[in-house]
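So the sequences go chain by chain: A and B.
Positions 1 to 213 (my numbering) are the ones given, in order, by the first sequence.
Positions 1001 to 1213 (my numbering) are the ones given, in order, by the second sequence.
C-beta: ideal position from N, C-alpha, C; glycine also.
A short worksheet on the structure shown next.
There are 2 protein chains.
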Amino acid sequence: MEMGIPMGRREQERRWRRQYILNVAERLFARKGYHQTTMAEISKASEFGMATIYQFFKSKEKIYIAIFNEKLDLLIRFVEEAVKRAKDPVEKIKVILKANFDFFKQHQDFFKLYSMEREAIAVIIKEDLGKGIYKKHHQGIKLVAEVIEEGIKRGYFHPLPPKDVAILFLGMMEEYINTWIKEDVDWEQKLKIITEVFLNGILNRKHQGERNV
Amino acid sequence: MEMGIPMGRREQERRWRRQYILNVAERLFARKGYHQTTMAEISKASEFGMATIYQFFKSKEKIYIAIFNEKLDLLIRFVEEAVKRAKDPVEKIKVILKANFDFFKQHQDFFKLYSMEREAIAVIIKEDLGKGIYKKHHQGIKLVAEVIEEGIKRGYFHPLPPKDVAILFLGMMEEYINTWIKEDVDWEQKLKIITEVFLNGILNRKHQGERNV
DNA sequence: CCATTTTTGGAATATTAATTCTAATTGATA
DNA sequence: TATCAATTAGAATTAATATTCCAAAAATGG
Chain A
1 MEMGIPMGRR
11 EQERRWRRQY
21 ILNVAERLFA
31 RKGYHQTTMA
41 EISKASEFGM
51 ATIYQFFKSK
61 EKIYIAIFNE
71 KLDLLIRFVE
81 EAVKRAKDPV
91 EKIKVILKAN
101 FDFFKQHQDF
111 FKLYSMEREA
121 IAVIIKEDLG
131 KGIYKKHHQG
141 IKLVAEVIEE
151 GIKRGYFHPL
161 PPKDVAILFL
171 GMMEEYINTW
181 IKEDVDWEQK
191 LKIITEVFLN
201 GILNRKHQGE
211 RNV
Chain B
1001 MEMGIPMGRR
1011 EQERRWRRQY
1021 ILNVAERLFA
1031 RKGYHQTTMA
1041 EISKASEFGM
1051 ATIYQFFKSK
1061 EKIYIAIFNE
1071 KLDLLIRFVE
1081 EAVKRAKDPV
1091 EKIKVILKAN
1101 FDFFKQHQDF
1111 FKLYSMEREA
1121 IAVIIKEDLG
1131 KGIYKKHHQG
1141 IKLVAEVIEE
1151 GIKRGYFHPL
1161 PPKDVAILFL
1171 GMMEEYINTW
1181 IKEDVDWEQK
1191 LKIITEVFLN
1201 GILNRKHQGE
1211 RNV
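What follows is the structure in structure tokens.
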């Protein structure tokens, strides 16, 4: 199982089936939410019997957790990779936005699930693993906060509390993706708008003297 | 029942009890989510029997919907009132932020519920009334978008699509409140930060020449 | 205070759906 | 191909809980 030791056909098939079940469940959960999706439906849609599914996952809850954990890992890795390739903080912010947009365009079902239940998950899932997901969300905040902090140190950004700025940034991004993901929009355009607002704010230069914030 | 005709004691008591049930349910839903909260718990916590509760609400779902509808109405009215009192667009933006912060500080249980299930609600609630809630959310977006539009026309804000900016604004705000509502923070301070970021962006003046957004 | 109406508590019912079980099938090994 | 182990389908079981029902209690009005 460890890296380097090749998997036999048997094991590969197992993996493939496991993943298949997760994909089917993800689609169903995204469409109808956790509670409205029954094991019978997952069984039917995946064309596996109950026992088979329970072979792979101890419970419905575990399926749910697995989807979140695996997709969130994927996302975090994807964003981290992208950030590494950018040099200056402004570039990094742009790259984070683009990476998130791209990822969620590719995984729309998951995004739906994510925005639908990220907050609820601590409540839906009794198990401690639910907290692991919560932790991964904070890992995302931390990543952005570090970029912000670097940007402040290097004089690119206003000296504001990095964590606060990171939260504002992610809030913007999430709600924005959430609104537009359903529709068939020009993503380049959207990316430009959010970048513009976040970096430059909405205030027009000619009025900036007036500000008394 | 119409304005002007005074309610008898009987009717007033009924209202009070109805509201009491809603308050209890709200607290429970906020703590454990919709599905984890049972009618038995609502009955126990409110010290009303089942039949009594079903006297007031046809179903558990109706209780949930009632909470959302009534609180959202309250919020919208509260924000609209506040906006009326402000003159220029910059002031209006600040006032909207403050009104939301204040409202949710006052109604923390509801905020929890709101952020937990706003997205999920269309899925949790089968009934059409679920869509009414969705509509109210958009009413909020519209209100902000109008302020933005006015601001652009009067030259205060950059000419960006008002609805997009409104969504970004609300996303920021929601996530921000969400993060800090649990903790005992300096709200004035937080209000300043979000206002600053939204109005001026994070980019430092000295680097603005470099921007190639 | 009595008759009538309304309200109430909580037990009984019905439903829904997660999980387990069993018998049948499939696949591997020799 | 025969044997044994692993896998599977789907029915049966079980658990949870929303809703209904009914007898008892309380409020109302004459």
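Item: Cα separation between residue 72(A) and residue 1096(B)?; Value: 33 Å
Item: Quick one: grab the DSSP three-state call for residue 199(A).; Value: helix
Item: Check each candidate in 1024(B), 1151(B) and 1105(B) and name the one with the smallest Cα separation from residue 1188(B).; Value: 1105(B)
Item: Which residues does DSSP list as the beta-bridge partners of residue 157(A)?; Value: 1203(B)
Item: Taking the runs of the alpha helix (DSSP H) that are 4 residues or longer, which of them lie wholly in the segment 1070-1111 of chain B?; Value: 1089-1106
Item: Should residue 1075(B) be flagged as near chain A, meaning a C-beta pair shorter than 8 Å?; Value: no
Item: DSSP three-state call for residue 1144(B): helix, strand or coil?; Value: helix
Item: The segment 147-159 of chain A: which residues have C-beta closer than 8 Å to a C-beta of chain B, in chain order?; Value: 148, 151, 155, 156, 157 and 158
Item: Report yes or no: is there a C-beta of chain A within less than 8 Å of the C-beta of residue 1110(B)?; Value: no
Item: Excluding five sequence neighbours on each side, which residues of the same chain lie with their C-beta closer than 7 Å to the C-beta of residue 136(A)?; Value: 72 and 76
Item: Under 8 Å: do the segment 1056-1070 of chain B and the segment 1021-1037 of chain B share three or more Cβ pairs, one atom per stretch?; Value: yes
Item: Can you name the start and end residues of the alpha helix (DSSP H) that residue 215(A) belongs to?; Value: Chain A is shown only over 1 to 213; residue 215(A) falls outside these bounds and no answer can be derived.
Item: With a threshold of 8 Å between beta carbons, is residue 161(A) in contact with chain B?; Value: yes
Item: Does residue 1038(B) come within less than 8 Å of chain A when only Cβ atoms are used?; Value: no
Item: For residue 1138(B) versus residue 204(A), is the C-beta spacing smaller than 8 Å?; Value: no
Item: Taking 8 Å as the CB-CB limit, is residue 35(A) close to chain B?; Value: yes
Item: Kindly indicate which three-state DSSP category residue 15(A) falls into: helix, strand or coil?; Value: helix
Item: Would you say residue 32(A) and residue 1079(B) are within 8 Å of each other, going by their C-beta atoms?; Value: no
Item: Contact between the segment 1156-1175 of chain B and the segment 165-185 of chain A: three or more CB pairs below 8 Å?; Value: yes
Item: Under DSSP, the alpha helix (DSSP H) around residue 1043(B) begins and ends at which residues?; Value: 1039-1046
Item: Using the C-alpha atoms, what's the distance from residue 89(A) back to residue 1211(B)?; Value: With a pLDDT of 44 at residue 1211(B), under the threshold of 50, the predicted position of this residue should be treated as unreliable, though the coordinate-derived value follows. When rounded, the distance between both Cα atoms is 12 Å.
Item: What does residue 1164(B) touch in chain A if you count any residue whose Cβ is under 7 Å from its own?; Value: 193
Item: Ordered along the chain, which non-local residues of its own chain (more than five positions away) have a Cβ less than 8 Å from that of residue 28(A)?; Value: 37, 41, 42 and 45
Item: Please list the partners that residue 1176(B) has in chain A, where partner means a Cβ-to-Cβ separation under 8 Å.; Value: 164, 167, 168 and 171
Item: Any beta carbon from chain B within less than 8 Å of residue 179(A)'s own beta carbon?; Value: yes
Item: Quick one: using the 10 Å Cβ neighbour count with 16 as the cut-off for buried, is residue 1151(B) buried or exposed?; Value: buried
Item: Note down the Cα distance separating residue 1018(B) from residue 1108(B), rounded to an integer number of angstroms.; Value: 20 Å
Item: Can a CB atom of chain B be found closer than 8 Å to the CB of residue 213(A)?; Value: Low local confidence applies: a pLDDT of 40 at residue 213(A) is under 50, so the model's placement there is unreliable, and no value is given.
Item: Given a cut-off of 8 Å, decide if residue 1147(B) and residue 1083(B) are closer than it, judged by their beta-carbon atoms.; Value: yes
Item: If you measure between the beta carbons of residue 1113(B) and residue 1026(B), is that distance less than 8 Å?; Value: yes
Item: Considering just the uninterrupted stretch of the alpha helix (DSSP H) at residue 123(A), what are its terminal residues?; Value: 121-124
Item: Checking contacts by CB at 8 Å: is residue 1201(B) closer than that to chain A?; Value: yes
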